[in-house]
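Peer 1: Residue numbers 1 to 504, in full-length UniProt numbering, belong to the letters of the sequence shown in order. The beta-carbon is built from N, C-alpha and C at its ideal position, and this holds for glycine as well.
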Amino acid sequence: MTQKRVRQQQKRKNSKGKIDSHRKEGSTLISPFNQISNTSYLSWINDRLPCMVWAGLLINGIGREEAIEIFRKLGLHIGTLYREVENRNCKLPIVGVYGLSTLDDDLQEKFFEVLFTEERVSHALKPLILFKDLPLFNKWAEYLGVVSDDEEVLWTNLADAVAILLDHQSQEATDCRWAYMIPIVNSGKLRLQNEEQYREYIEYPNYEDQRKVRPTIRATEMNLGSGVMDDDYAQAKKAWSEKFWEECKHNTECFAPEPKNSSVDFDITKTVSLMREIWGDLLNHFLATDKFTHVQARRDASFGFCFYALTVTQEGLASSGKLLTAKLALRMLAEIYITFKYLISVRDEKLWDIYRSYGSGQAKLTFLKLDEVLTDQPGYIKKENIEELANEDIYMDFQNIDLGNWAKTDLRTMSQVARCKEVYDAYYSWPSSYAHGQWCAVRDVVFTTCYNPLHRLHRIPRPAPRYEDGAENDLILLFNKILDLLNDVYPSFERRAKLLQKPE
Numbered sequence: 001m002t003q004k005r006v007r008q009q010q011k012r013k014n015s016k017g018k019i020d021s022h023r024k025e026g027s028t029l030i031s032p033f034n035q036i037s038n039t040s041y042l043s044w045i046n047d048r049l050p051c052m053v054w055a056g057l058l059i060n061g062i063g064r065e066e067a068i069e070i071f072r073k074l075g076l077h078i079g080t081l082y083r084e085v086e087n088r089n090c091k092l093p094i095v096g097v098y099g100l101s102t103l104d105d106d107l108q109e110k111f112f113e114v115l116f117t118e119e120r121v122s123h124a125l126k127p128l129i130l131f132k133d134l135p136l137f138n139k140w141a142e143y144l145g146v147v148s149d150d151e152e153v154l155w156t157n158l159a160d161a162v163a164i165l166l167d168h169q170s171q172e173a174t175d176c177r178w179a180y181m182i183p184i185v186n187s188g189k190l191r192l193q194n195e196e197q198y199r200e201y202i203e204y205p206n207y208e209d210q211r212k213v214r215p216t217i218r219a220t221e222m223n224l225g226s227g228v229m230d231d232d233y234a235q236a237k238k239a240w241s242e243k244f245w246e247e248c249k250h251n252t253e254c255f256a257p258e259p260k261n262s263s264v265d266f267d268i269t270k271t272v273s274l275m276r277e278i279w280g281d282l283l284n285h286f287l288a289t290d291k292f293t294h295v296q297a298r299r300d301a302s303f304g305f306c307f308y309a310l311t312v313t314q315e316g317l318a319s320s321g322k323l324l325t326a327k328l329a330l331r332m333l334a335e336i337y338i339t340f341k342y343l344i345s346v347r348d349e350k351l352w353d354i355y356r357s358y359g360s361g362q363a364k365l366t367f368l369k370l371d372e373v374l375t376d377q378p379g380y381i382k383k384e385n386i387e388e389l390a391n392e393d394i395y396m397d398f399q400n401i402d403l404g405n406w407a408k409t410d411l412r413t414m415s416q417v418a419r420c421k422e423v424y425d426a427y428y429s430w431p432s433s434y435a436h437g438q439w440c441a442v443r444d445v446v447f448t449t450c451y452n453p454l455h456r457l458h459r460i461p462r463p464a465p466r467y468e469d470g471a472e473n474d475l476i477l478l479f480n481k482i483l484d485l486l487n488d489v490y491p492s493f494e495r496r497a498k499l500l501q502k503p504e
């Protein structure tokens, strides 16, 4: 199986829906399918694929067209024979690996008689004999023989077959699901609406628009393949499926794809040097606009945002913009920008003082914890430095500590008030998942998809962290947007950052 095919299968697993189609309940957006009451979940890969793996092996081994004709013959003979005998012990003529073991003896005999009509079929289905817990093992062994010396070839053939079935909507998976259905249709146990619908099954895939036929087949197989309200059958079938996947995992190795080479598309040294030049220009602009020596909360914060953002941007660029810390830098820049623009937008001078006082209160709280609570002092902060910061504007004995948000709101609301929600959506929400170590961020950086089809596309650790996403352009963009705000409140500052390219 090619890596491209596995990536396609993985993409098909990803579901999506429009935001407006989700219903909001409290702080949760309910997906459209979960809005349907009394739903139950069925899995093609986990529960039903192992039962139709024989059909996948046949398609992969002798070709699709010939395999379909064998499926058609099986459906005709099994369905007709089932219909000839009243009061059957089996509810349906099911031809899945486990379902075969529940059929009456004459149906089992007919299945194997029709299936093994030529030698190529035995060769194609040979991997089934790898499974010692295979239902009707002795019966299969009569036609398949014993395991050959080269088991690796059999496992490889099985992997190739499973690979084309992993996507439940693939052409081959649909063929297998049709093969499951056709004996039931011919038995008369499935009541179809009209002659046309009957022909869609009998003459598949050569009758009617397959874009309409295939979804109908898959939907019907999903309902009947679940066990048709027979709990004992469903549990036994599930047990076989679990054993199938356990054997596959036990006997085959994981395969991690080669990590992509990550290249730096800009000149790091020259770009970082440019950022240092901007620091000097920013410093000159600060001095040129400095008229007073008293506390100026608005002015200090405005320039402070820019110097701080420059530091964050410079460090993100120095690490090539590819490392995990670059995503965290984007989140920091987004919060700086939103906070800065919010303070400008509300046009309340007192709010700048509140912002500053809140920071001093946090310094006081940290100092008190260092002084009274923490017996093991962290190495990244110095107690005397925190004390100095807390006492800078007002002696901390007179400084309140605000335990909530300094603006009495949240950053998302602030972005809406400041009319920059697009920045919040693009550069804060997703990078926050990396800052908080949420699952998708963890999975993105340190896990990859195992390319062994017999392992169900499970996750395995990467050979090295994924450093493929370049944040360098976004770092520059956000930093320049912050400089734009400074230019609005303390003009005129026209210098902007840019990525300097490597010499050709």
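Once DSSP output is grouped into helix, strand and coil, what is the label at K13?
Peer 2: With a pLDDT of 49 at K13, under the threshold of 50, the modelled position of that residue is not reliable, and the figure given next carries that caveat. Helix.
Peer 1: Identify, in the order they occur along the chain, each residue of the same chain with its Cβ nearer than 8 angstroms to the Cβ of G304, setting aside the five sequence neighbours on each side.
Peer 2: Cβ within range, chain order: n/a, list empty.
Peer 1: Suppose contacts are defined by Cβ-Cβ distances below 8 angstroms. Is G145 in contact with Y180 by that definition?
Peer 2: Against a cut-off of 8 angstroms, the Cβ pair of Y180 and G145 comes out as no contact.
Peer 1: For T311, tell me which candidate among L76, N46, W279, I30 has the shortest Cα-Cα distance.
Peer 2: T311 has its Cα closest to that of W279, out of L76, N46, W279, I30.
Peer 1: For K364, tell me which candidate among A297, D393, I217, I401 has the shortest Cα-Cα distance.
Peer 2: Taking only the C-alpha atoms, the option nearest K364 is I401.
Peer 1: Considering only their Cβ atoms, is the gap separating D106 from L81 smaller than 8 angstroms?
Peer 2: Yes. Within cutoff.
Peer 1: Might you give, ordered along the chain, the residues of its own chain that have their beta carbon closer than 6 angstroms to the beta carbon of L58, omitting 5 neighbours on each side?
Peer 2: Around L58: A67, A124.
Peer 1: Do A234 and L328 have their beta-carbon atoms positioned less than 8 angstroms apart in this structure?
Peer 2: Result no, Cβ atoms of L328 and A234 do not sit closer than 8 angstroms.
Peer 1: Go to I184, then tell me how far its beta strand (DSSP E) extends in each direction, as first and last residue.
Peer 2: Where I184 is concerned, there is no enclosing beta strand (DSSP E), although the alpha helix (DSSP H) it sits in stretches over 171-187.
Peer 1: For C450, which residues from the same chain have a beta carbon less than 8 angstroms from its beta carbon, with the 5 sequence-adjacent residues on both sides left out?
Peer 2: Counting only Cβ-Cβ distances below 8 angstroms, and skipping sequence neighbours, we find C254, F255, A256, L457, H458, R459, I460.
Peer 1: Quick one: what does DSSP say T293 is sitting in, helix, strand or coil?
Peer 2: Coil at T293, not helix or strand.
Peer 1: When you compare only the Cα positions, how much space is there between I344 and Q169?
Peer 2: Straight-line Cα distance between these residues: approximately 53 angstroms.
Peer 1: Does the Cβ of P378 have 16 or more other Cβ atoms within 10 Å, making it buried, or fewer, making it exposed?
Peer 2: So P378 counts as exposed.
Peer 1: Give me, in chain order, the residues of the same chain whose beta-carbon lies closer than 8 angstroms to that of N480; leave out the 5 immediate sequence neighbours on both sides.
Peer 2: Cβ within range, chain order: R496, A497.
Peer 1: Out of T339, S320, I482, F493, point me to the one whose CA is closest to E468's CA.
Peer 2: The shortest Cα separation from E468 among T339, S320, I482, F493 belongs to S320.
Peer 1: In the structure shown, what three-state DSSP assignment does K18 receive?
Peer 2: Looking at K18 - three-state DSSP - the assignment turns out to be coil, as it is neither helix nor strand.
Peer 1: Going by beta-carbon coordinates alone, are V442 and P465 separated by less than 8 angstroms?
Peer 2: No. Outside cutoff.
Peer 1: Do you know whose CA, among E208, S27, F33, G26, lies nearest K18's CA?
Peer 2: Ranking E208, S27, F33, G26 by Cα distance to K18 puts F33 first.
Peer 1: Does any residue of chain C have a CB that is nearer than 8 angstroms to the CB of S492?
Peer 2: Protein chain content of the structure displayed is limited to a single chain, and chain C is not contained in it.
Peer 1: Based on DSSP bridge pairs, tell me the residues matched to T28.
Peer 2: T28 pairs with E25.
Peer 1: Please look up how many angstroms separate the CB atoms of Y98 and A236, rounded, as I've assumed it's under 8 angstroms.
Peer 2: Their Cβ separation, rounded to whole angstroms, is 6 angstroms, which keeps Y98 and A236 in contact under 8 angstroms.
Peer 1: Among the residues of its own chain, which have a CB less than 6 angstroms from the CB of R191, if the five just before and after it don't count?
Peer 2: So the list is empty, once near-sequence residues are dropped.
Peer 1: Note down, one range per segment and in chain order, each alpha helix (DSSP H) of at least 4 residues found wholly within the region 129-165.
Peer 2: You should have 137-144, 151-163.
Peer 1: So, Y207 versus V185, is the Cβ gap smaller than 8 angstroms?
Peer 2: It is not a contact, given that the beta carbons lie outside the stated cut-off.
Peer 1: Just the Cα atoms here: how many angstroms apart are L76 and Q171?
Peer 2: Going from the Cα of L76 to the Cα of Q171 covers about 22 angstroms.
Peer 1: What did DSSP end up calling P461 once you bin it into helix, strand or coil?
Peer 2: Residue state, collapsed to three classes: strand.
Peer 1: Express the C-alpha separation of L333 and N157 in angstroms, rounding to a whole number.
Peer 2: Using only the alpha carbons, I get a separation of about 52 angstroms.
Peer 1: Helix or strand or just coil, what does DSSP make of T448?
Peer 2: Strand.
Peer 1: Below 8 angstroms on the Cβ atoms is my contact criterion, and I expect N46 with W155 to pass it. Report the Cβ-Cβ distance as a whole number of Å.
Peer 2: About 20 angstroms separates the two Cβ atoms, so there is no contact after all.
Peer 1: Measuring CB atoms only, is the region 349-361 touching the region 397-411, in the sense that at least three cross pairs come out at less than 8 angstroms?
Peer 2: Taking 8 angstroms as the limit for Cβ pairs, the verdict is that the region 397-411 does touch the region 349-361.
Peer 1: Determine the contact status of W178 and F71, defining contact as a CB-CB distance below 8 angstroms.
Peer 2: In this structure, F71 lies closer than 8 angstroms to W178 by Cβ.
Peer 1: Would you kindly check if the distance between the Cβ of F367 and the Cβ of E392 is under 8 angstroms?
Peer 2: No, the pair does not count as a contact, with Cβ atoms beyond the cut-off.
Peer 1: Considering just the uninterrupted stretch of the alpha helix (DSSP H) at Y434, what are its terminal residues?
Peer 2: Segment 429-435, the alpha helix (DSSP H) holding Y434.
Peer 1: May I have a chain-ordered list of the alpha helix (DSSP H) segments no shorter than 4 residues that lie completely inside the region 240-294?
Peer 2: Correct list: 268-288.
Peer 1: Let's test the definition: count the other Cβ atoms within 10 Å of the Cβ of S15 and tell me whether it reaches 16, buried, or not, exposed.
Peer 2: The predicted model places S15 with a pLDDT of 48, which falls under 50 and marks its position as unreliable, so this point remains unresolved.
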